[in-house]
Structure formats: structure tokens, C-alpha cells
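Numbering (the UniProt record's numbering), first residue to last: 1 to 402.
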């Protein structure tokens, strides 16, 4: 005959057994790092502005991760700021420069803009922009972090672990400092420069951003095996890598750019990690722009709405024609050779300077500029690569839009 417990006593015994079971698992078995993350652990990112300019920091979480502090905050020179994220957070930070915002947080930035607002609210910044990227508590409970110039450079960034694991002798990528304090803007190759309306270099594009080719972007037929900067028409990655060896210079630069730690907090410095000014930019590694290699480009009108010229060297032709009211179509045609890329720079009288990558096809490179205004003089010139050298036509001609 089975013994049946009194319902009240049975319930009490059951509760006691449940309590003892929970206590056993809670105290007898130590939690893993992922369990600590689930329990609500947090990390702290401390920011410092070691530059001489105000930086407007931007932040964005990967899918499913919120942007800390609304995704943006202002940092005058010498200031600090801290944010807290979950133990398994993933995302990126960047610096915005030359910004102006009203009291409502609306405005714009010359570089890194995230939709004309101070608080990016999860939106990524416009390229080119230097990035500090994080995956916390990832594989084997490790953190992975890096500084990336794959989308270009606008401000120096370094990442320094605080606390965390112990360094390993001979392993610079374990608990090491990612990025560097080098300002790469002053020496930026001519074809990669991003300038404001006053002609100041405000950022340095990556080759992928500037030329949008599979070879420079390591897309299409190019992958980790065959995407090698040494085989590019111009090895622009060498400029970034020589100036900052501990940052990504192109998409597959993992081996010398990815750092790891465990259970650390992090200090992110705009500018050098210790302050006191930046490091001189690199002077070699990429062929420099040749100043005024082509002069005397005497453009002659050949029709009511077009101008055509052929330089004395016979290397290329340029044609400008009407594309409607206040619009011009620029065509760059090499004579029997294929450039590594063609960049058009143009500016209507009294207007801002524009720099665009021309699209190639059928042996010619074309771009249509609109909203120039009627009867307005437009100055234009070109950058291109030939035989591994970067050339500039300087200010080659001025033409009036119809």
C-alpha cells in the first residue's frame, strides 16, 4: 500500500527540495562568462578627446544592441565621457568633425554625419570615418576589438584595455593597444582627399570608397585569398598601414589588426592615447600626386553647347556638353590606355567644390553635374592613375553652363 502525504506537508517538502536544488546549482558550480553576461554584467567605455578640435562622438550598436547615450555626444578638447553597455554588446564608435548643431540637436558635420542630428540613435556615420569596433564576450568569452580605416579616415583613434586579462609576452594582439595617434589627413594621396568648401582636407577616403571597384573593395571575384593590395593599380592600403600599423587598412587586414582581451573595460582616445599632439603622418609608400603634369590645355568650343580638347601629350581627351538647363556632362577618354580610376573635381562660380568618382564604360569615364545654375562659369579638373602614378591636371579649364 502506497503512503500518501498530507497535501500541506507535501507542498512544503516540494518547496524545500526546489530551494535546495537551486542553491546547489547556484553555489556548487561556478558560472561561465556567458552566464555572467546573462546575469546583467556591464562594461564601461571611457572616451577622451586628445585633439585640439571638438569631436562629436557617434555610437551605433549592431543588430539587437542599443546605441549607448542615444548614439552621440559632444567632446571639447581635453574632455572625457563614459558610457556603459551590456557584457555582450557589439557595435562601433566614431568621431564626427566640424559639426554645428542647434539647441534641438539638429545640424550637420563635415565628416561622420549620421543624419544631421547630434544623437545618432543607432544610425551609422557617413564615410569616410575612422571606426572603433567591438564584439564583447564573443567566442570563448573573449572580447574582440579593432580600429578600422576600411571606410576611410577622419580622426586618429586608439583603443586601450583597462583591467581585463593579463598580457602575454610576445603577443601584441592580446590586451594590446589598437589604432594609433597618427593624423593621416595631411599626407593623404590626392585621389583620396576629401576637402571642405575652403579647400581644407577633412578626411582621407579608402580606395574602396573612392573608386568603388571590386579589386579595391575585395568584392566580386576578389576574396581573402586573392585580394592583395600589392596587386592593386595603386597600393593605397600601404599609406594607411605605414602610418598606422595596428589598424585595418583594407577589408582582409585581419592578421595585423584584430585585438582581443577578456572581461576588460576600454578607453577610446581621439588623437594619441596619452595626449600631447599627434604623430607625424607617413611620407612614403604610395606614389604622390604629380603637380601640374599637364599644362596649356587650350579648350576650344566646337559647338553651341560643347567644348573639346586634346592635351599635347595625346594621353586623353576631355569633352564637356550640355545635359539640360544648368547641367553639364563631363567625359574623360584615355587614348589607348586604361586608368586605375578617374576623379572629377568641379566648382561653379561662388559655389562649393565637388569631388566625384567618374563611372567607366566603353573606354570613357562620364559624370553629369546638375543644379549648377544657368550661365554660370564652372571650373573643373581631373585626377587619374597611369602606370601606378597618381596625376592631377590641376585647374585645367573653365566652361559656362547653358
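Don't be surprised by glycine CBs; every beta carbon is placed ideally from N, CA and C.
Query raised in the report: How long is the line joining the alpha carbons of residue 265 and residue 229, rounded to whole angstroms?
Result: Here the question's residue 265 lines up with position 265 in the chain shown. Here the question's residue 229 lines up with position 229 in the chain shown. C-alpha of residue 265 to C-alpha of residue 229: approximately 34 Å in a straight line.
Report task. Flag this pair as touching only if the stretch 248 to 266 and the stretch 154 to 171 have three or more C-beta atom pairs under 8 Å; answer yes or no. Result -> Cβ pair count under 8 Å is three or more, so yes.
Query raised in the report: Considering residue 99, what are the terminal residues of the beta strand (DSSP E) in which it resides?
Result: Working through the chain shown from its first residue, we reach residue 99 at position 99. For residue 99, the enclosing beta strand (DSSP E) stretches over residues 90 to 101.
Query raised in the report: Are the stretch 181 to 200 and the stretch 350 to 369 touching, with three or more C-beta to C-beta distances below 8 Å?
Result: By the C-beta criterion, the stretch 181 to 200 is judged to be in contact with the stretch 350 to 369, since at least 3 inter-stretch pairs fall below 8 Å.
Query raised in the report: Across which residues does DSSP place residue 255 in a beta bridge pair?
Result: Taking the first residue of the chain shown as position 1, residue 255 is located at position 255. DSSP lists no beta-bridge partner residue for residue 255.
Report task. Express the C-alpha separation of residue 382 and residue 88 in angstroms, rounding to a whole number. Result -> In the chain shown, the residue the question calls residue 88 occupies position 88. In the chain shown, the residue the question calls residue 382 occupies position 382. Each residue's Cα considered, the two are about 47 Å apart.
Query - Minimum C-alpha distance to residue 406 - residue among 127, 179, 250 - result: Because the chain is modelled from 1 through 402, residue 406 falls outside the range shown and cannot be assessed.
Requested in this report: Alpha carbon to alpha carbon, how far is residue 226 from residue 146? Give it in angstroms, no decimals.
Outcome: Mapped onto the chain shown, residue 146 falls at position 146. Mapped onto the chain shown, residue 226 falls at position 226. Computed Cα separation, rounded: 23 Å.
Query raised in the report: Where does residue 364 sit, in a helix, a strand or coil, going by DSSP?
Result: For the purposes of this step, residue 364 is identified with residue 364 of the chain shown, where counting begins at 1. In this structure, residue 364 counts as strand in the three-state DSSP scheme.
Requested in this report: Take residue 328 as the anchor and find which of 260, 256, 371 has the nearest alpha-carbon.
Outcome: Here the question's residue 328 lines up with position 328 in the chain shown. Looking at the Cα atoms, 371 is the closest of the given residues.
**Report entry** Anticipated Cβ contact below 8 Å, residue 206 with residue 150, distance rounded
**Finding:** For the purposes of this step, residue 206 is taken as the residue at position 206 of the chain shown. For the purposes of this step, residue 150 is taken as the residue at position 150 of the chain shown. Rounded to the nearest angstrom, the Cβ distance from residue 206 to residue 150 is 6 Å, consistent with a contact under 8 Å.
Query - Nearest residue (CA-CA) to residue 258, options 154, 105, 134 - result: Mapped onto the chain shown, residue 258 falls at position 258. Nearest to residue 258 by alpha-carbon distance, out of 154, 105, 134, is 134.
Query raised in the report: To which residues of the same chain is residue 53 closer than 7 Å at the C-beta, ignoring the five residues directly before and after it?
Result: On the chain shown, residue 53 is found 53 positions in, with the first residue counted as 1. Excluding residues within five positions, the ones whose Cβ falls inside 7 Å are 77, 97.
**Report entry** Distance between beta carbons of residue 49 and residue 79, contact taken as under 8 Å
**Finding:** Counting from one through the chain shown, the residue named residue 79 turns up at place 79. Counting from one through the chain shown, the residue named residue 49 turns up at place 49. The beta-carbon distance between residue 79 and residue 49, rounded to whole angstroms, is 5 Å. This is short enough to meet the 8 Å contact definition.
Query raised in the report: What span of residues does the beta strand (DSSP E) with residue 61 cover, start to end?
Result: Here residue 61 refers to the residue found at position 61 of the chain shown. In the DSSP assignment, residue 61 falls within the unbroken beta strand (DSSP E) covering 55 to 61.
Query - Contact set for residue 424: own chain, Cβ-Cβ below 7 Å, skip 5 residues either direction - result: Coverage of the chain is limited to positions 1 through 402, which leaves residue 424 absent and any answer about it impossible.
**Report entry** Beta-ladder partner(s) of residue 358, from DSSP
**Finding:** Reading the chain shown from its first residue, position 358 is the one you call residue 358. Per DSSP, none; premise fails for residue 358.
Query raised in the report: Excluding sequence positions up to five away, which residues of its chain have a Cβ less than 7 Å from the Cβ of residue 346?
Result: Within the chain shown, the letter at position 346 stands for residue 346. Sequence-distant Cβ neighbours of residue 346 in its own chain, meaning closer than 7 Å and more than five residues away, are 354, 369, 378, 379, 380.
Query - Supposed contact pair residue 188 and residue 244 - C-beta distance, whole angstroms, cut 8 Å - result: Position 244 of the chain shown, counting from 1, holds the residue named residue 244. Position 188 of the chain shown, counting from 1, holds the residue named residue 188. Their Cβ separation, rounded to whole angstroms, is 13 Å, which puts residue 244 and residue 188 out of contact at 8 Å.
**Report entry** Beta bridge counterpart(s) of residue 266 as assigned by DSSP
**Finding:** For the purposes of this step, residue 266 is identified with residue 266 of the chain shown, where counting begins at 1. Per DSSP, 45, 161.
Requested in this report: To the nearest angstrom, report how far apart residue 408 and residue 185 are at their CA atoms.
Outcome: This structure does not reach residue 408, given that the chain is present from 1 up to 402, and the question cannot be answered.
**Report entry** Candidates 132, 55, 140, 141: closest to residue 108 by CA position
**Finding:** In the chain shown, counting from the first residue as 1, residue 108 sits at position 108. The shortest C-alpha separation from residue 108 is found at 55.
Report task. Determine the closest residue to residue 131 out of 148, 338, 62, 118, with distance taken between C-alpha atoms. Result -> Within the chain shown, the letter at position 131 stands for residue 131. Comparing C-alpha distances from residue 131 to each of 148, 338, 62, 118 shows the shortest one belongs to 148.
Query raised in the report: Which stretch, first to last residue, makes up the beta strand (DSSP E) that contains residue 145?
Result: Along the chain shown, one-based indexing puts residue 145 at 145. Its beta strand (DSSP E) spans residues 143 to 148.
Report task. For residue 152, collect the residues of the same chain with a Cβ closer than 7 Å to its Cβ; drop the 5 residues on either side in sequence, then sort them by chain order. Result -> Taking the chain shown and counting its residues from 1, one reaches residue 152 at position 152. By the criterion of a C-beta distance shorter than 7 Å, residue 152 is surrounded in its chain by 127, 128, 129, 203, 204, 205, 206, 209, once the five residues flanking it on both sides are discounted.
Requested in this report: Report the three-state DSSP secondary structure of residue 107 (helix, strand or coil).
Outcome: On the chain shown, residue 107 is found 107 positions in, with the first residue counted as 1. In the three-state reduction of the DSSP assignment, residue 107 falls in the strand class.
Query - First through last residue of the beta strand (DSSP E) which encompasses residue 82 - result: Numbered from its first residue, the chain shown carries residue 82 at position 82. Element bounds for residue 82: 80 to 86.
Query - When 141, 247, 234 are compared against residue 156, the one with the closest alpha-carbon - result: Stepping through the chain shown from its first residue, residue 156 is reached at position 156. Of the listed residues, the one whose Cα sits closest to residue 156 is 247.
Query raised in the report: Can you tell me the Cα-Cα spacing of residue 43 and residue 173, whole angstroms?
Result: Taking the chain shown and counting its residues from 1, one reaches residue 43 at position 43. Taking the chain shown and counting its residues from 1, one reaches residue 173 at position 173. Computed Cα separation, rounded: 20 Å.
Query raised in the report: Considering residue 242, what are the terminal residues of the alpha helix (DSSP H) in which it resides?
Result: Stepping through the chain shown from its first residue, residue 242 is reached at position 242. Residue 242 -> alpha helix (DSSP H) spans 237 to 243.
Query raised in the report: Near residue 110, what residues of its chain come up, given a Cβ to Cβ distance below 7 Å and the 5 sequence neighbours on each side ignored?
Result: Sequence index remark: in the chain shown, residue 110 carries index 110 (1-based). Only 97, 98, 196, 202 meet the Cβ criterion.
**Report entry** Contact with chain C by residue 367, beta-carbon distance below 8 Å
**Finding:** Absent here is chain C; the protein component of the structure consists of one chain.
Query raised in the report: In terms of residue numbering, what span does the beta strand (DSSP E) encompassing residue 216 cover?
Result: Position 216 of the chain shown, counted from the first residue, corresponds to residue 216. That residue, residue 216, is in no beta strand (DSSP E); its alpha helix (DSSP H) goes 214 to 217.
Query - N- and C-terminal bounds of the alpha helix (DSSP H) containing residue 210 - result: On the chain shown, position 210 is the one that residue 210 refers to. That run of the alpha helix (DSSP H) goes 207 to 211.
**Report entry** Opening and closing residue of the beta strand (DSSP E) in which residue 199 lies
**Finding:** The residue given as residue 199 occupies position 199 in the chain shown. Secondary structure note for residue 199: it is in no beta strand (DSSP E), with a DSSP letter that is neither H nor E.
Query raised in the report: In three-state DSSP terms, what is residue 68?
Result: Looking up residue 68 in the chain shown gives position 68. Helix, per DSSP.
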